[in-house]
Each structure stands twice: as C-alpha cells, then as structure tokens.
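Engineer: Numbering (the working numbering), first residue to last: 44 to 471.
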Ligand code: NAD
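(1) Is residue 155 near the ligand NAD - that is, is its Cβ less than 6 Å away from at least one heavy atom of it?
(2) Please list the segments of the beta strand (DSSP E) lying wholly inside the region 129–170, counting only runs of 3 or more residues, in order along the chain.
(3) Tell me the rounded alpha-carbon separation between residue 66 and residue 432.
(4) Just to confirm the assignment, what range does the alpha helix (DSSP H) spanning residue 65 have?
(5) In this structure, how does DSSP classify residue 381 when only helix, strand and coil are distinguished?
(6) Given a threshold of 16 other Cβ atoms within 10 Å of its Cβ, counted over all protein chains shown, does residue 183 qualify as buried or as exposed?
(7) With the cut-off set at 7 Å, would you say residue 423 and residue 390 are in Cβ contact?
(8) For chain D, find out if any of its Cβ atoms is closer than 7 Å to the Cβ of residue 113; answer yes or no.
(9) Please determine, among 346, 137 and 430, the residue with the shortest C-alpha to C-alpha distance to residue 450.
(10) With respect to the alpha helix (DSSP H) encompassing residue 265, which residues constitute its N-terminal and C-terminal limits?
(11) May I ask you to report which of helix, strand or coil DSSP gives residue 99?
(12) Just to confirm, are residue 104 and residue 86 a CB contact at a threshold of 7 Å?
(13) Exposed or buried, which one is residue 114 when buried takes at least 16 other CB atoms within 10 Å?
(14) Taking just the CA atoms, how far does residue 357 sit from residue 163?
(15) Closest by CA to residue 53, which one among 463, 127, 100 and 71?
(16) Among all the DSSP beta bridges, which residues are the ones paired with residue 481?
(17) Express the C-alpha separation of residue 377 and residue 192 in angstroms, rounding to a whole number.
(18) Could you tell me the alpha carbon to alpha carbon distance between residue 45 and residue 168, rounded to whole angstroms?
(19) Report, in whole angstroms, the separation of the C-beta atoms of residue 286 and residue 317, which I expect to be a contact under 8 Å.
(20) Mind reading off the beta-carbon distance from residue 141 to residue 409? Whole number of angstroms is fine, and I expect it under 8 Å.
(21) Taking 6 Å as the cut-off, is the C-beta of residue 59 nearer than that to any heavy atom in the ligand NAD?
(22) Just list the residues that DSSP pairs residue 368 with in beta bridges.
(23) When you compare the region 140–160 with the region 451–461, are there three or more beta-carbon pairs, one atom per stretch, that lie closer than 8 Å?
(24) Please report the distance separating the alpha-carbon of residue 49 from that of residue 392.
(25) Quick check: what's the CA-CA separation for residue 244 versus residue 435?
(26) Go through its chain and collect everything with a Cβ distance to residue 372's Cβ below 8 Å, but skip five positions before and after it.
(27) Counting Cβ pairs, one atom from each stretch, are 3 or more of them under 8 Å apart for the region 116–123 and the region 59–77?
(28) So what's residue 85 in DSSP terms, helix, strand or just coil?
(29) With a threshold of 7 Å on Cβ separation, who are the neighbours of residue 420 within its own chain once the five nearest residues in sequence on each side are excluded?
(30) Using only alpha-carbon positions, find the residue among 240, 209 and 198 that is nearest to residue 428.
(31) Contact defined as beta carbons within less than 8 Å: I believe residue 112 pairs with residue 147. What is the distance between those atoms, to the nearest angstrom?
(32) Once you ignore the five residues that flank residue 380 on each side, which residues in its own chain have a CB closer than 7 Å to its CB?
(33) Could you check which residue in 403, 439, 76 and 387 has the C-alpha nearest to that of residue 466?
(34) Does the ligand SAM have even one heavy atom less than 6 Å from the beta-carbon of residue 134?
(35) Measuring alpha carbon to alpha carbon, tell me which of 56, 453, 430 and 447 ends up nearest residue 438.
(36) Mark residue 129 as exposed unless 16 or more other C-beta atoms lie within 10 angstroms of its C-beta, in which case mark it buried.
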C-alpha cells in the first residue's frame, strides 16, 4: 500500500496465470478465475465530531463463491486501494479452498485512518458501510470479518446495523465478533496459532527442533502477537519485532538478543500494535530502523505486517542462517523475492496456508453461531490444529509429488478445487 509501482492485483493475477498453466485450465475457466465475480464501490457520508460532514470511500469485492459464500476481512487503512482489495479477495478464495472449508473469497476496505477517528466516527463508518452493501452481503452470500485496524467492536456495530436492516437476528452475517456476543473462543489467537502449527510441521519435515530456533517478526498486531505467544510456549526465541510508529510515520525494529518479552511489549504497545520507543529503550531494547527485522541473524522470519515487504531488492539481505520464512501477512513476498528465496534454499510456508487459521476459525464461528451452541477454547484449537496440519500435509505432499515450491503446491490444490467447483456448477 506504500509502493505505488507495486500492484498487488497484478501480482495475484500473475500467480494465478502460472498455476493455471501448471493445471492446464481451459480459457473459460482462466477468464473466470483471474477476475472478480462482483465488485462494489461505495461512498459513506459521516457526520464528524466537529459537526462537519466527510465522505469515506469503501469497497467490497467478491472474487468467487463457487465453493460457498464469499468470505474475507474488512480493512481500515488510509492508503487502501481497490487493487489491494481485489488481490486480497482472490487470495481469500485460494485460502478457503486450500484448508478445504465450504467458503469462497471476498475482501473489503474503507480508506480511513482510525488513528485520527473517534470511536463514534468509526462506528458511523461501520454502519454506513453495511447500509451501502447490505443487499450484497449476508450469511449465505458474503461474510465479512476483521482485518488490519478493525476489531470485534467494529464487527458488532456492523452486525447490529445488518440485523436492524433485516429486522431479525442473523449472527452468521459476520465473524470476529466479541466472545459472548456470538464470537468464538480461540478466534483472536487463531491466525497466529495456525501459523505456528504450520511452522511446527515445516520444522518437523526439516528435522529441526522448534526449541532450538530463533525468529524475527515483522509486525506486532493480532497475527504477530499470537504467533509469538505460541512459538514461545513451544520453546522458540524471538529476538526482533518491528512495527509502525504513527507519530514518526516510520517503522522501527526492536531487538533483544536474549529474547523479547511478549508481555512487556504488550504492556507498552497501543491497540494498533505500535510499540512505544522510549519505553522499549528503557526496558533494554535496541532500536533499529524498520527494515532491520529482515536482516537479523535468526533461523526463522515471520512477516506479519503488510504485503510487499520482502522484495527482489531486499531479499538478498536475508541472513544465510535463515531456514524458514512463514508468511503471516497476505502477500508479503513479491514474485522476484520468491525466486531469490527459492535459489537460496530457504523453505517458505506461503500466506494462503500459513495464515489460513483465521478464516478456518471464522468458519468455526459461523458454524457455532448458526447452531447457537459454542465450543470451549480447547475444542476450537484442537479442530484448528487438525485442519491446519491436514492442509500442510496435503500441500507438502502435492509439492513433493509435482516437484513444486510449497507456494505452488498450495495454489495447485486451491485453484484446482475452485476450478472443479465452477465446472461442477456448470459455470464453465
Ligand atoms: P494489525 O493491524 O493487528 O497489526 C499490523 C501490525 O503491522 C502492527 O503492529 C503495525 O505496527 C505493523 N506494521 C504496519 N506497517 C508496518 C511496517 N511498514 N513495518 C513494520 N510493521 C508494520 O494486523 P493483523 O491483523 O495482525 O494483520 C497483519 C497481516 O496479516 C495483514 O497482512 C493481514 O491481512 C494478515 N492477516 C490477518 C489475519 C487476522 O486474522 N487478523 C488473518 C490472515 C491474514
């Protein structure tokens, strides 16, 4: 969202084209799957706290729903673009397919900066977004969820607006709801934990004990914090965390060679995952530029912030010690960087597999909401582990059999399943 020359939708389409060629898809199927089924652009007028009116631009993209209702998060970001949302919607289709849950792919966004909006103003944006899109959304059409800078509170405002418009309770309309209000236990940690389940499987294949590894993490938000939590519980050591500093409009990396303290960093982070520089320095952290997270002498890199972070330019700066990269963020690695990483023999667990824990748990939340019966946390996490482990096994077997990277293996499975569903429905 920062580099104007980078178009994530073109990247997503190029990835798709390559897989379509490997699978030998016919032209009709290719035409259908490389574009979105539906795309909505909305204007959301909001009366601001100072009495003035402001109009926010929002999007919803439904890439494909052949395997089930479209599913995907909604982001609030000042530099959100329709091409980012398009790419993310397509990636969601592949993600739900690779973990084999009966959902399609969609994504939404609003161009806004919650750092500079009151809670009341954010509530108005949430309600306005739903009012504009309510006919296109619903439990059997398209189910939103939280993403960058949106939370359970935002989801609840959206749900309330949707139910008010429909005149009935429809808890399956949205996921990521607060626990006690239709949310699932385990959802907040699901993406980060899911990432670590796939990391655990990857290290097992490489014959490396997780307890002997060190990691550097980009981001300190929902995904990163929970990934660090489980990774540390399994004995791993995180020596570097980076995040965005709003006041400086810059990213920083925070380094502690003997291991960062998750709770101490949580204690000095804001709700956007921004760590207080001065307090970190006082706690003995070394402060480095944002890019330093990538150059650390560690075994594992976990990009868990934004897309387009590991590029053809900076991939060469990855330390020779790095054995595994696990993509927590969506699209953090460009195709050029992918090539460098493959040449260097670094094992990369791709985003569509590594961060699919969130959508898998969202699906569990929908199931529980629809049943109006909720599982305990252990049951949710056990089911999540089983799904992620099975998906990892299928992807690594496909990659091995076809001599592909893990990313291509994941895509071959996912695109193959979606193409088959379109064919079975008689669409192509
Ligand atoms: P978040 O808003 O909770 O956290 C984002 C973090 O990234 C923050 O700590 C922020 O400071 C940091 N950041 C932003 N720009 C940065 C930069 N230039 N350098 C370093 N750090 C920077 O978001 P999240 O929910 O943790 O999502 C992170 C990524 O994971 C996104 O790509 C999102 O699409 C993806 N993802 C999230 C989920 C989920 O369940 N939350 C699921 C799948 C994928």
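We put the beta carbon where it would ideally sit given N, CA and C, even for glycine.
Model, not experiment: these values are computed from the prediction.
Structural biologist: Short version:
(1) Locating residue 155 in the chain shown gives position 112, counting from the first residue. Outside the cutoff, so no.
(2) 148–154
(3) Indexing the chain shown from 1 puts residue 66 at position 23. Indexing the chain shown from 1 puts residue 432 at position 389. Their Cα atoms are separated by approximately 24 Å.
(4) For the purposes of this step, residue 65 is taken as the residue at position 22 of the chain shown. Here the alpha helix (DSSP H) through residue 65 covers 51–66.
(5) Residue numbering aside, residue 381 sits at position 338 when the chain shown is read from its first letter. Residue 381 falls in the helix class under three-state DSSP.
(6) As a working note, residue 183 is residue 140 in the chain shown. Exposed, because fewer than 16 other Cβ atoms sit within 10 Å of the Cβ of residue 183.
(7) Translated into the one-based positions of the chain shown, residue 423 becomes position 380. Translated into the one-based positions of the chain shown, residue 390 becomes position 347. Cβ atoms of residue 423 and residue 390: not closer than 7 Å.
(8) Here there is only one protein chain, and chain D is not present.
(9) The sequence position of residue 450 within the chain shown is 407, counting from 1. Selected option, being the one with the closest Cα: 137.
(10) Residue mapping note: residue 265 aligns to position 222 of the chain shown, counting from 1. Unbroken alpha helix (DSSP H) run through residue 265: 265–276.
(11) Indexing the chain shown from 1 puts residue 99 at position 56. Residue 99: strand per DSSP, three-state reduction.
(12) The residue labelled residue 104 in the question sits at position 61 within the chain shown. The residue labelled residue 86 in the question sits at position 43 within the chain shown. No. Outside cutoff.
(13) In the chain shown, counting from the first residue as 1, residue 114 sits at position 71. Buried is the call here.
(14) Here residue 163 refers to the residue found at position 120 of the chain shown. Here residue 357 refers to the residue found at position 314 of the chain shown. Approximately 41 Å between the Cα atoms of the pair.
(15) As a first step, residue 53 is located in the chain shown; it is residue number 10 there, counting from the start. Ranking the options by Cα distance to residue 53, first place goes to 127.
(16) Limits of the chain in this structure are 44 at one end and 471 at the other, which puts residue 481 out of reach.
(17) Here the question's residue 192 lines up with position 149 in the chain shown. Here the question's residue 377 lines up with position 334 in the chain shown. Cα to Cα, residue 192 sits roughly 23 Å from residue 377.
(18) As a working note, residue 45 is residue 2 in the chain shown. As a working note, residue 168 is residue 125 in the chain shown. For residue 45, the predicted model reports a pLDDT of 47, less than 50, meaning its position is unreliable and no value from the coordinates is stated.
(19) The sequence position of residue 286 within the chain shown is 243, counting from 1. The sequence position of residue 317 within the chain shown is 274, counting from 1. Right, their Cβ atoms sit about 5 Å apart.
(20) Here residue 141 refers to the residue found at position 98 of the chain shown. Here residue 409 refers to the residue found at position 366 of the chain shown. Contact doesn't hold; Cβ gap of about 18 Å is too wide.
(21) As a working note, residue 59 is residue 16 in the chain shown. For the ligand NAD, not one heavy atom lies less than 6 Å from the Cβ of residue 59.
(22) Taking the chain shown and counting its residues from 1, one reaches residue 368 at position 325. Answer is 344 and 391, bridged to residue 368.
(23) yes
(24) Counting from 1 along the chain shown, the entry for residue 49 is found at position 6. Counting from 1 along the chain shown, the entry for residue 392 is found at position 349. Each residue's alpha carbon lies about 22 Å from the other.
(25) By 1-based counting over the chain shown, the position of residue 244 is 201. By 1-based counting over the chain shown, the position of residue 435 is 392. Each residue's Cα considered, the two are about 7 Å apart.
(26) As a first step, residue 372 is located in the chain shown; it is residue number 329 there, counting from the start. So the qualifying residues of the chain are 261, 262, 266, 346, 347, 348, 349, 350, 352, 394 and 398.
(27) no
(28) The sequence position of residue 85 within the chain shown is 42, counting from 1. In this structure, residue 85 counts as strand in the three-state DSSP scheme.
(29) On the chain shown, residue 420 is found 377 positions in, with the first residue counted as 1. Cβ within range, chain order: 228 and 229.
(30) Here residue 428 refers to the residue found at position 385 of the chain shown. Looking at the Cα atoms, 240 is the closest of the given residues.
(31) Locating residue 112 in the chain shown gives position 69, counting from the first residue. Locating residue 147 in the chain shown gives position 104, counting from the first residue. Indeed, because the Cβ distance is near 6 Å, the residues count as touching under 8 Å.
(32) If you number the chain shown from 1, residue 380 lands on position 337. Excluding residues within five positions, the ones whose Cβ falls inside 7 Å are 353, 354, 355 and 358.
(33) Walking along the chain shown from the start, residue 466 turns up at place 423. Selected option, being the one with the closest Cα: 76.
(34) Ligands present in the displayed structure are limited to the ligand NAD, and the ligand SAM is not among them.
(35) Numbered from its first residue, the chain shown carries residue 438 at position 395. The candidate whose alpha carbon is nearest that of residue 438 is 453.
(36) Position 86 of the chain shown, counted from the start, is the residue given in the question as residue 129. Result: buried.
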